[in-house]
Ligand code: ADP
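Residue numbers (my numbering): 9 to 670.
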């Protein structure tokens with residue numbers, strides 16, 4: 009409409025202070041909400057992993073307990089193996105095939121004899137070469153325990169601490185040196201003495217940290233660090249596996265494909281690799297320097313555990329454990345396996361679950377959501393967790409995303425609404441301020457025009473001009489009507505300020521709208537006709553009553569009439585009408601003038617508002633006439649509305665509640 013400067017600046021301000029930050033917020037929110045699924049998956053994985061760690065450590069503790077039991081129950085001296093072993097076997101179902109070897113690995117028992125059991129014959133067939141120390145078998149070790157020192161060194165070289173950076177080790181990766189050092193020394197045989205959990209935390213072996221650790225505490229700390237670094241750094245994992253492979257220590261192949269994590273996480277090297285690596289060793293090397301232990305050995309696909317110990321006379325005795333008995337003992341260790349949200353179980357060396365709920369027949373056990381290898385004594389065994397409902401994560405994430413979106417949208421809507429509201433208020437204030445300035449100019453002009461003509465006529469009359477009494481009469485008439493105009497203007501301004509202050513008072517009484525319209529028309533007719541207007545008046549026959557302040561109503565109608573006069577062009581026709589319906593009385597003032605452009609129609613009732621307020625506007629005004637007229641009518645309990653008049657021009661309609669004739 010008018011000057012666009014401030015309003016386009018406001019628009020810029022709105023964009024910069026409200027829209028842009030809101031859009032930024034929305035984008036950030038969208039991004040973090042999209043990550044919700046991964047986040048929830050990670051949360052669930054962490055929770056399940058904690059349970060798996062628990063299962064694994066219980067299993068390892070149980071294996072250690074089992075070894076101790078066997079050590080206690082086993083005979084110290086097997087002078088008469090047949091008799092002694094028969095007694096030993098009664099100690100429990102785990103002891104399947106006892107054996108006895110001389111100090112130099114000669115088989116003393118079982119002997120291929122008449123009456124030898126099937127187990128004994130099978131033992132001899134499968135293990136003769138191994139127990140007589142003629143062949144090597146793969147021995148499984150935890151990679152973190154074997155390469156603990158290297159992991160710690162690698163980690164240190166990757167994040168140089170101030171000391172190492174300043175120290176003498178900064179040029180050459182210390183890990184390589186320590187690897188070389190390690191390889192140069194003869195490797196210690198793996199422990200069979202204690203069953204080490206794959207969380208090496210529980211039993212740190214001396215081999216891990218002999219290079220540096222001086223006492224058990226430091227050793228423990230170092231192992232912990234190695235585990236942490238190994239689990240968290242893909243880079244370290246890759247390097248350590250590479251080292252292991254180069255030394256001929258292949259990782260075991262795993263039975264499961266963990267399902268959790270993103271695609272790239274699942275594919276990350278080391279994530280699917282076993283933490284157990286194997287090394288070929290002879291029996292004598294395995295047991296070197298130890299008093300007793302357990303050995304894991306695959307015969308075909310099946311895993312067997314061997315218990316051995318040194319007898320008092322230097323002979324070696326032991327037994328093969330019964331796999332079903334071992335399984336059932338370990339199965340008893342599982343915590344609550346089945347909850348509404350997850351299944352927890354342990355898979356054996358062939359990937360079969362120890363515990364299998366009836367309703368889970370069709371499940372793919374090799375794809376757990378999360379899993380952990382159990383022990384080097386149970387190679388290829390995995391503690392595994394499954395989600396009962398595969399859609400759990402998605403539905404949970406979906407729900408959270410929904411809630412977050414609602415929050416974000418509410419936030420955005422309130423920002424935008426608040427911003428728009430503030431902006432509009434701002435704009436209105438600016439417009440009002442501008443209108444007020446024009447108002448002052450307009451009022452001065454409006455006051456001056458009638459004053460000038462009154463003065464002009466008065467001077468002429470004073471000088472005795474014109475002589476024609478008819479003309480003089482006409483001049484006097486014009487002076488009166490100009491005075492009327494002045495009065496109305498001053499009244500409008502005074503009324504407005506009274507209304508603003510809330511001080512305008514009314515004296516309502518019963519008014520006949522028809523009579524009022526008639527009187528106003530009669531009063532205005534001479535002047536209007538003098539200006540070349542045709543005035544049509546229509547009033548009902550009987551009286552139509554309203555309750556109103558007569559002066560107020562009259563002023564409203566006069567304002568409308570004056571507008572009709574001011575905004576008429578070539579066609580000078582004004583119609584004023586009073587009619588009544590059952591409930592309402594209407595006073596209509598219509599003209600065939602310039603009309604109100606549609607975009608201004610809503611605003612013409614605003615204070616100081618003028619459809620054309622340019623300097624070149626043909627009609628000057630204050631922008632108060634309609635504001636006051638509407639307020640006056642509304643104060644009488646009615647309303648004033650505008651409509652474009654069919655056929656051109658404007659139509660203003662005053663509506664008031666009708667009062668029945670008493
Ligand atoms: P003013 O006439 O002093 O400007 P009003 O409040 O009476 O103030 O009217 C506001 C605006 O409405 C006018 O400036 C004019 O643009 C428009 N308007 C009012 N009455 C008419 C009419 N009868 N025909 C055309 N436009 C009108």
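Ideal placement from N, C-alpha and C gives every residue a C-beta, glycine not left out.
Does the structure place the segment 282 to 292 close enough to the segment 66 to 83 that three or more beta carbon pairs sit under 8 Å?
no
When DSSP labels each residue in this structure, what does residue 317 get in the three-state scheme?
Here the question's residue 317 lines up with position 309 in the chain shown. In the structure shown, residue 317 sits in a strand (DSSP, three-state: E or B).
Check whether residue 304 and residue 64 have beta carbons under 7 Å apart:
For the purposes of this step, residue 304 is taken as residue 296 along the chain shown, with counting starting at 1. For the purposes of this step, residue 64 is taken as residue 56 along the chain shown, with counting starting at 1. The answer is no: Cβ separation not under 7 Å.
Would you check if there are 3 or more beta carbon pairs closer than 8 Å linking the segment 451 to 461 to the segment 426 to 442?
no
Kindly examine the ligand ADP and report whether one of its heavy atoms sits closer than 6 Å to the Cβ of residue 602.
In the chain shown, residue 602 corresponds to position 594, counting from 1. Residue 602: yes, Cβ under 6 Å from the ligand ADP.
Let me confirm a value: residue 23 is counted as buried when at least 16 other C-beta atoms fall within 10 Å, else exposed. Which label applies?
Translated into the one-based positions of the chain shown, residue 23 becomes position 15. It counts as exposed.
Spatial neighbours of residue 556 within its chain, please: CB distance less than 7 Å, with the 5 preceding and 5 following residues excluded, ordered by chain position.
Residue numbering aside, residue 556 sits at position 548 when the chain shown is read from its first letter. If we look at residue 556 and ignore the five residues flanking it on each side, its Cβ neighbours are 516, 519, 644 and 664.
For the alpha helix (DSSP H) holding residue 435, just list the boundary residues, first then last.
As a working note, residue 435 is residue 427 in the chain shown. Residue 435 -> alpha helix (DSSP H) spans 400 to 470.
Look at the Cβ atom of residue 401, then the Cβ atom of residue 48, and state whether they are nearer than 7 Å.
Start at 1 with the first residue of the chain shown, and residue 401 comes out as number 393. Start at 1 with the first residue of the chain shown, and residue 48 comes out as number 40. Contact flag set, yes.
Which term fits residue 154, buried or exposed, when burial requires 16 or more other beta carbons within 10 angstroms of its beta carbon?
By one-based count along the chain shown, residue 154 stands at place 146. It counts as buried.
Would you mind reading off the limits of the beta strand (DSSP E) that contains residue 117?
For this step, residue 117 is matched to residue 109 along the chain shown. Taken as a continuous stretch (DSSP letters only), the beta strand (DSSP E) holding residue 117 covers 115 to 117.
Relative to the C-alpha of residue 7, which residue among 38, 19, 21 and 29 is closest?
Residue numbering for the chain in the displayed model covers 9 to 670; residue 7 lies beyond these limits and cannot be assessed.
Determine the extent of the beta strand (DSSP E) in which residue 331 is found, giving its start and end residues.
Within the chain shown, the letter at position 323 stands for residue 331. Segment 331 to 339 is the alpha helix (DSSP H) holding residue 331; no beta strand (DSSP E) there.
For residue 493, which residues from the same chain have a beta carbon less than 7 Å from its beta carbon, with the 5 sequence-adjacent residues on both sides left out?
Within the chain shown, the letter at position 485 stands for residue 493. Hits under 7 Å: 458.
Taking the alpha carbon of residue 574 as the reference point, which residue from 630, 161 and 607 has its own alpha carbon closest?
For this step, residue 574 is matched to residue 566 along the chain shown. Nearest option by C-alpha distance: 630.
Taking the alpha-carbon positions, what's the residue 639 to residue 29 distance?
Counting from one through the chain shown, the residue named residue 639 turns up at place 631. Counting from one through the chain shown, the residue named residue 29 turns up at place 21. Between residue 639 and residue 29, the C-alpha separation is close to 42 Å.
Could you tell me which residues DSSP puts in a beta bridge with residue 312?
Along the chain shown, read from residue 1 onward, the residue named residue 312 stands at position 304. In DSSP, residue 312 forms a bridge with 305.
Can you list the alpha helix (DSSP H) stretches of 4 or more residues lying completely in the segment 65 to 116, in chain order?
89 to 97
Within this structure, are the beta carbons of residue 150 and residue 283 separated by less than 7 Å?
Here the question's residue 150 lines up with position 142 in the chain shown. Here the question's residue 283 lines up with position 275 in the chain shown. Going by C-beta atoms, residue 150 is nearer than 7 Å to residue 283.
If you pair each beta-carbon of the segment 473 to 490 with each one of the segment 597 to 617, do three or more pairs fall below 8 Å?
no
Where does residue 539 land, buried or exposed, given buried means 16+ other C-beta within 10 angstroms?
Locating residue 539 in the chain shown gives position 531, counting from the first residue. So residue 539 counts as exposed.
When you compare each of 560, 572, 551 and 562 to residue 544 by their alpha carbons, which one comes out closest?
Translated into the one-based positions of the chain shown, residue 544 becomes position 536. Comparing Cα positions, the closest option is 572.
Please classify residue 662 as buried or exposed, where buried requires at least 16 other C-beta atoms within 10 Å of its C-beta.
Looking up residue 662 in the chain shown gives position 654. Result: buried.
C-alpha distance - residue 100 paired with residue 312, whole-angstrom precision:
To locate residue 100, count along the chain shown from 1; it is residue 92. To locate residue 312, count along the chain shown from 1; it is residue 304. The alpha-carbon atoms of residue 100 and residue 312 are separated by roughly 17 Å.
Length of the line joining the Cα atoms of residue 576 and residue 495:
For this step, residue 576 is matched to residue 568 along the chain shown. For this step, residue 495 is matched to residue 487 along the chain shown. Going from the Cα of residue 576 to the Cα of residue 495 covers about 22 Å.
Assuming the contact rule is C-beta atoms closer than 8 Å, residue 382 and residue 354 should be a hit. Round their C-beta distance to whole Å, please.
Position 374 of the chain shown, counted from the first residue, corresponds to residue 382. Position 346 of the chain shown, counted from the first residue, corresponds to residue 354. Going by Cβ atoms, the distance from residue 382 to residue 354 rounds to 7 Å, so yes, they are a contact pair.
Excluding the 5 residues flanking residue 212 on each side, which residues of the same chain have their C-beta closer than 7 Å to its C-beta?
Taking the first residue of the chain shown as position 1, residue 212 is located at position 204. In this prediction, residue 212 scores a pLDDT of 34, lower than 50, which makes its location untrustworthy; no coordinate-derived value is stated.
Regarding residue 494 and the ligand ADP, is the C-beta to nearest heavy atom distance less than 6 Å?
Stepping through the chain shown from its first residue, residue 494 is reached at position 486. Checking every heavy atom of the ligand ADP against the Cβ of residue 494, none is found closer than 6 Å.
Using CA atoms only, rank isn't needed, just tell me which of 514, 340 and 586 is closest to residue 549.
Counted from its first residue, the chain shown places residue 549 at position 541. Among 514, 340 and 586, the Cα nearest to that of residue 549 belongs to 586.
Spell out the partners DSSP gives residue 552 in its beta bridges.
Against the chain shown, residue 552 aligns to sequence position 544. None, per the DSSP bridge assignment.
Coil, strand or helix - residue 587 by DSSP:
Here residue 587 refers to the residue found at position 579 of the chain shown. Reduced to three states, the DSSP call for residue 587 is strand.
Rounding to the nearest angstrom, what Cα-Cα distance links residue 473 and residue 438 in this structure?
Stepping through the chain shown from its first residue, residue 473 is reached at position 465. Stepping through the chain shown from its first residue, residue 438 is reached at position 430. So the alpha carbons of these two residues sit roughly 50 Å apart.
Ends of the alpha helix (DSSP H) at residue 523?
Locating residue 523 in the chain shown gives position 515, counting from the first residue. Per DSSP, the unbroken alpha helix (DSSP H) holding residue 523 starts and ends at 521 to 538.
Output needed for residue 529: all residues of its chain with C-beta closer than 7 Å, excluding positions within five of it in sequence on either side, in chain order.
Indexing the chain shown from 1 puts residue 529 at position 521. Hits under 7 Å: 543, 545 and 584.
Hey, out of 552, 595, 558 and 591, whose CA is closest to residue 569's CA?
Taking the chain shown and counting its residues from 1, the one referred to as residue 569 is at position 561. When each option's Cα is compared against that of residue 569, the closest is 595.
According to the Cβ coordinates, are residue 407 and residue 395 closer than 7 Å?
Counted from its first residue, the chain shown places residue 407 at position 399. Counted from its first residue, the chain shown places residue 395 at position 387. Not a contact, by the Cβ cut-off of 7 Å.
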